[in-house]
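Trainee: Starting off with a structure, shown below.
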Amino acid sequence: MLALPGRYITLAGASLAALSSGTLYLASSYAPQVAAKLHLSSKATNLFLLCANTSTYLSSPFVGLIVDKKGGRIVMLCAALALFAGYALLKLSYDAGDEGGLKARFGALPVLALGETLVGLGSSASYAGFSNGVAKTFDSKRRATALSVCISCLGLSAFAYSSLALLIPDRGDPTSSFLALLALGCGGSILIAAFLIRPPLHHRHHHSQTLYSPVPNVDVMEREASPRGRATLSPSPSPSSEETSDGSSISSGEEMVVEVEYVRAKSRERAESKARAIAKEALGHPNVGGWALLRELDFALLFLFMGILAGCGLMFINNVGTLVHSLPLPPTTPNDPTTASLSLTAIQQRLVSLLSIFNSLGRLLCGPLTDYLSTPSTTKRWTKRWTIPRVWFLCPVAALFIFVNATVARTESVEILQGTAILMGLAYGSLCGSMPVYVIEWFGLASFSTNNGWLSISPAIFGNVFNVLFGTLYDIQAGASPTPSPPLPSPSQAIDLVRRGGLPSTDHLCTLGNACFRSAFQLTTTLAVGALGLAVWMGMRRGRG
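Below you can see the structure in the form of structure tokens.
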């Protein structure tokens with residue numbers, strides 16, 4: 000195991016990489032402007048944005064396999080290059096505009112699709128690299144805490160880069176400057192992180208038959224650490240040493256040297272003891288990977304559990320703006336239509352910020368909490384005799400999803416959405432932050448990145464299904480309601496709206512309030528109850544000990 004400062008350097012590097020690995024959520028900050036400048040339809044815009052999510056999820060198992068075989072550094076270097084190239088392509092295409100340039104030569108959509116694909120691949124590779132490095136650097140007592148710290152930074156990516164964008168001097172086009180910031184910031188930070196993340200040596204050479212290199216024999220140090228060994232090391236004063244002052248000073252010097260050597264020996268002994276403990280822990284873990292993983296019932300249950308709840312969360316997160324514009328305005332909103340439109344935009348931004356912050360907080364808290372409650376300790380009075388198996392913490396996560404979806408299904412005002420956004424952020428963050436630890440504990444560390452990559456496909460599948468489901472049910476209600484035509488804001492207000500992500504579209508907007516989305520969230524509430532049943536099943540299978 001690395002020395003304490005080394006572990007912290009690895010954790011800092013992973014957190015730095017994580018801050019640049021979640022920038023996919025920033026697409027809404029530049030996509031409307033790119034589409035407007037290149038005269039792209041809504042369908043074309045969604046098509047090139049889909050490339051980022053698709054490449055992220057579908058590449059995860061294969062990127063993870065490379066990390067498990069070759070280590071994380073080479074993959075993170077490729078991730079830095081891919082993210083830089085992806086955002087650079089988006090910037091070049093945007094700067095060229097509708098006339099000439101890349102659009103004239105290759106077409107706008109292929110270039111944008113390639114750029115978003117590179118962004119997705121880079122994000123996936125960076126996540127696989129830093130999570131693998133952290134997982135192999137910390138033991139089972141602290142692994143969940145360490146992973147939750149860096150994964151929480153992943154949830155802060157959008158907030159971090161949005162805040163940095165505010166510090167850029169207003170020179171020319173803000174969208175072009177923002178894309179340049181993403182290219183240089185993501186590429187540079189992940190490049191630095193690749194050299195900061197250094198797993199222990201016995202993990203770097205795990206491709207061989209034995210996962211861990213043998214621990215050196217420390218019998219000599221143990222003998223030195225024993226009372227008998229200590230007695231032989233410390234020279235006893237002899238009569239001759241007491242006869243002269245020179246003799247006493249020499250004896251004192253020898254005692255100091257021996258004491259220093261003894262402290263060093265004890266330090267080495269503790270380091271070797273920790274290395275033996277990690278090696279023993281790794282040998283005790285299962286090693287399930289490849290096609291054998293897909294035949295595991297536990298993996299199927301975990302895949303369904305994460306997919307259902309992640310789908311519920313993504314449906315709320317991706318459609319929070321639609322919910323805001325479907326519900327009645329707050330009573331305190333001015334009657335002026337322009338002011339009302341800006342007020343709705345401000346509410347939407349507030350909800351997105353709450354989701355981002357509490358998503359990160361949920362990822363951060365789930366690791367230390369489960370580590371504390373599931374790890375026996377002689378210093379914690381009430382856990383001396385019993386602990387809570389980690390698998391049972393899936394039940395409160397599912398219960399929180401049930402409560403949030405049921406609340407949204409009954410929501411009649413925009414104000415209530417703020418509380419549900421906070422709880423949804425906590426629930427979604429806790430779900431995403433805890434899954435890697437279950438993958439390690441249930442299927443082993445040797446193929447962690449590959450296995451975690453396969454599990455990461457579930458949000459892509461269920462998220463798309465749930466979003467299509469929401470859109471279908473919403474459109475049915477929209478067809479029965481009149482479409483409003485709000486007046487345009489003033490020029491200065493319009494510029495501010497465009498900078499923040501563009502004017503909201505009123506096409507196919509439902510104005511029936513809660514009836515617009517009630518059926519969708521009633522269905523997700525029922526599915527979340529099913530996920531709670533899966534959690535109980537997994538707890539009975541895995542939590543008996």
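Numbering (numbering that gives the first Met the number 0), first residue to last: 0 to 544. No residue lacks a Cβ here, since even glycine has one placed at the ideal position from N, Cα and C. For clarity, every value in this text was computed on a predicted model and none was experimentally measured.
Among residues of its own chain, excluding the 5 on either side of leucine 292, which ones have a beta-carbon nearer than 7 Å to its beta-carbon?
Mentor: Contacts found: Phe298, Phe442, Asn450, Trp453.
Trainee: I'd like to check one pair, alanine 179 with alanine 79: are the Cβ atoms closer than 8 Å?
Mentor: No. Outside cutoff.
Trainee: Using 8 Å as the threshold, is the C-beta distance between valine 133 and cysteine 152 below it?
Mentor: It is not a contact, given that the beta carbons lie outside the stated cut-off.
Trainee: Please state whether the Cβ-Cβ distance between cysteine 50 and glutamate 115 is less than 8 Å.
Mentor: Result yes, Cβ atoms of cysteine 50 and glutamate 115 sit closer than 8 Å.
Trainee: Look at the Cβ atom of threonine 524, then the Cβ atom of alanine 420, and state whether they are nearer than 8 Å.
Mentor: Cβ distance not < 8 Å, so threonine 524 and alanine 420 don't count as in contact.
Trainee: Are the stretch 348-361 and the stretch 120-136 touching by the rule of at least three beta carbon pairs closer than 8 Å?
Mentor: Flag = no, the stretch 348-361 and the stretch 120-136 do not touch.
Trainee: Can you have a look at leucine 416 and say buried or exposed, based on whether 16 or more other CB atoms are within 10 angstroms of its CB?
Mentor: Buried.
Trainee: Inspect the beta-carbon positions of serine 59 and serine 455 and report whether they are closer than 8 Å.
Mentor: Yes, Cβ-Cβ distance for serine 59 and serine 455 is below 8 Å.
Trainee: Grouping DSSP H, G and I as helix and E and B as strand, with all else coil, what is aspartate 138?
Mentor: If DSSP states are grouped into helix, strand and coil, aspartate 138 belongs with coil.
Trainee: Give the single residue among Ser162, Ala534, Gly366 whose Cα lies nearest to the Cα of serine 550.
Mentor: Beyond the ends of the chain as shown, which are 0 and 544, falls residue 550; an answer cannot be given.
Trainee: Excluding sequence positions up to five away, which residues of its chain have a Cβ less than 6 Å from the Cβ of glycine 119?
Mentor: Ala51, Ser54, Thr55.
Trainee: Pull up the distance between the alpha-carbon of serine 156 and that of alanine 81, whole angstroms please.
Mentor: Approximately 17 Å, taken between the alpha carbons.
Trainee: Could you tell me which of Ile8, Ala107, Ala16 sits nearest to histidine 38, measuring between CA atoms?
Mentor: Checking every option, the nearest Cα to that of histidine 38 belongs to Ala107.
Trainee: From what residue to what residue does the alpha helix (DSSP H) around leucine 300 run?
Mentor: Unbroken alpha helix (DSSP H) run through leucine 300: 296-317.
Trainee: CB alanine 554 to CB leucine 48, shorter than 8 Å?
Mentor: No answer is possible for residue 554: it lies beyond the span of the chain, which begins at 0 and ends at 544.
Trainee: Excluding five sequence neighbours on each side, which residues of the same chain lie with their C-beta closer than 6 Å to the C-beta of valine 436?
Mentor: The residues are Ala143.
Trainee: Rounded to whole angstroms, what is the Cα-Cα separation between valine 62 and leucine 18?
Mentor: Looking at the two C-alpha atoms, the distance is approximately 19 Å.
Trainee: Hey, is valine 464's beta-carbon within less than 8 Å of any beta-carbon in chain D?
Mentor: The structure shown contains no chain D, having only a single protein chain.
Trainee: Return helix, strand or coil for histidine 38, following the three-state DSSP convention.
Mentor: Here histidine 38 sits in coil by DSSP.
Trainee: With distances taken from CA atoms, which of Val319, Gly418, Trp391 is nearest phenylalanine 402?
Mentor: Answer by Cα proximity: Gly418.
Trainee: Report the option in Cys431, Leu399, Gly5, Phe129 whose CA atom is closest to the CA atom of methionine 423.
Mentor: Of the listed residues, the one whose Cα sits closest to methionine 423 is Leu399.
Trainee: Check for me: the alpha helix (DSSP H) holding phenylalanine 392 runs from which residue to which?
Mentor: Note, phenylalanine 392: premise wrong, no alpha helix (DSSP H); not H, not E.
Trainee: Would you mind sorting asparagine 358 into buried or exposed? The rule is 16 or more other CB atoms within 10 Å of its CB.
Mentor: Its Cβ being crowded by 16 or more others within 10 Å, asparagine 358 is buried.
Trainee: For lysine 69, does the count of other Cβ atoms within 10 angstroms reach 16, so buried, or fall short, so exposed?
Mentor: It counts as exposed.
Trainee: Whose C-beta lies closer than 6 Å to the C-beta of isoleucine 167 among residues of the same chain, with five residues either side of it excluded?
Mentor: Excluding sequence neighbours, isoleucine 167 sits near Ser176.
Trainee: Can you tell me whether serine 412 is buried or exposed? The criterion is at least 16 other CB atoms within 10 Å of its CB, across all chains shown.
Mentor: Classification for serine 412: exposed.
Trainee: Is it the case that the Cβ atoms of glycine 306 and serine 457 are separated by a distance below 8 Å?
Mentor: Yes, the pair counts as a contact, with Cβ atoms nearer than the cut-off.
Trainee: Pick helix, strand or coil for alanine 469, following the three-state DSSP scheme.
Mentor: It is phenylalanine, not alanine, that sits at residue 469 in the sequence shown. Looking at phenylalanine 469 - three-state DSSP - the assignment turns out to be helix.
Trainee: Return the CA-CA distance between phenylalanine 520 and proline 388, expressed in angstroms with no decimal places.
Mentor: C-alpha separation (whole angstroms): 31 Å.
Trainee: Ends of the alpha helix (DSSP H) at threonine 419?
Mentor: Residues 413-442.
Trainee: Return the Cβ separation of tyrosine 427 and glycine 529 in integer angstroms, given the expectation that the two are a contact with Cβ distance under 8 Å.
Mentor: Not a contact, Cβ separation roughly 18 Å.
Trainee: Near phenylalanine 315, which residues of its chain fall below 6 Å by C-beta distance, leaving aside the five closest residues on each side in sequence?
Mentor: Result list for phenylalanine 315: Met423, in chain order.
Trainee: Rank Leu368, Asn318, Thr369 by C-alpha distance to the C-alpha of glutamine 347 and give the top, closest one.
Mentor: It is Asn318 whose Cα lies nearest to the Cα of glutamine 347.
Trainee: Skipping 5 residues on each side, what residues in its chain have a beta carbon closer than 6 Å to that of leucine 393?
Mentor: So the qualifying residues of the chain are Ala534.
Trainee: What is the residue span of the alpha helix (DSSP H) that aspartate 172 lies within?
Mentor: Run containing aspartate 172: none; DSSP gives neither H nor E here.
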